[in-house]
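Structure first, commentary second.
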Amino acid sequence: MARTKSSPQDAVYKKIISNNLSELLAASGKKKIDITRQYEIPATTLSGYFSGTRLPSNENVKKLAKFFNVSESDIDPRFKPVTNDEENKSHKIEDILDSAMTFNGKPLTENDRNVIRGMIEAYLDNKE
Numbered sequence: 001m002a003r004t005k006s007s008p009q010d011a012v013y014k015k016i017i018s019n020n021l022s023e024l025l026a027a028s029g030k031k032k033i034d035i036t037r038q039y040e041i042p043a044t045t046l047s048g049y050f051s052g053t054r055l056p057s058n059e060n061v062k063k064l065a066k067f068f069n070v071s072e073s074d075i076d077p078r079f080k081p082v083t084n085d086e087e088n089k090s091h092k093i094e095d096i097l098d099s100a101m102t103f104n105g106k107p108l109t110e111n112d113r114n115v116i117r118g119m120i121e122a123y124l125d126n127k128e
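Sequential numbering of the sequence shown, starting at 1, is according to the UniProt record's numbering.
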């Protein structure tokens, strides 16, 4: 099956998930092979999660959370409940993008908007 192209936000999520998994693994004293044996997640798949080249499926995030005895959001920020502040931040980013319809007289493409959105979200997430 062909994979869809990753968005700039996906790249941010991959890095966060990779860091979270690496920290959890180090703190647990366990090895990746323990995850593979217990939950039948292929070693190559896990390697992608730990190296930040692949996003885990919802099912695998749940398995990993169970393995490390943490909540899904401790591994993957996509599981974090959306708060009103986050909804407001998302709306503000969209307002910024809507007001910046051109750059150097050229209209922004949807790809440009996605890249800019990802950069703003990553900046704001790391700032907090």
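By construction, the Cβ of each residue, glycine as well, lies at the ideal position given by its N, Cα and C atoms. Small disclaimer: the values here were computed from a predicted structure and weren't measured.
- In this structure, R78 sits near Y13, with a CB-CB distance shorter than 8 Å.
- For the pair Q9 and G29, the Cα-to-Cα distance works out to about 30 Å.
- Look at P107 here: in three-state DSSP terms it is strand.
- Annotation: D76 is outside any alpha helix (DSSP H) and is labelled neither H nor E by DSSP.
- Taking 8 Å as the cut-off, the Cβ atoms of F50 and K66 do not count as close.
- Boundaries of the alpha helix (DSSP H) harbouring R37: K32 to Y39, taken from the DSSP string.
- For L64, same chain residues with a beta-carbon under 6 Å away, outside a window of 5 residues either side, are I75 in chain order.
- In this structure S73 is in contact with K80, their Cβ atoms being roughly 4 Å apart against a cut-off of 8 Å.
- Judged by beta-carbon spacing, I16 lies beyond the 8 Å limit of P56, meaning their Cβ atoms are not closer than that value.
- Beta-carbon to beta-carbon, R117 and I93 are separated by about 6 Å, close enough to satisfy the 8 Å threshold.
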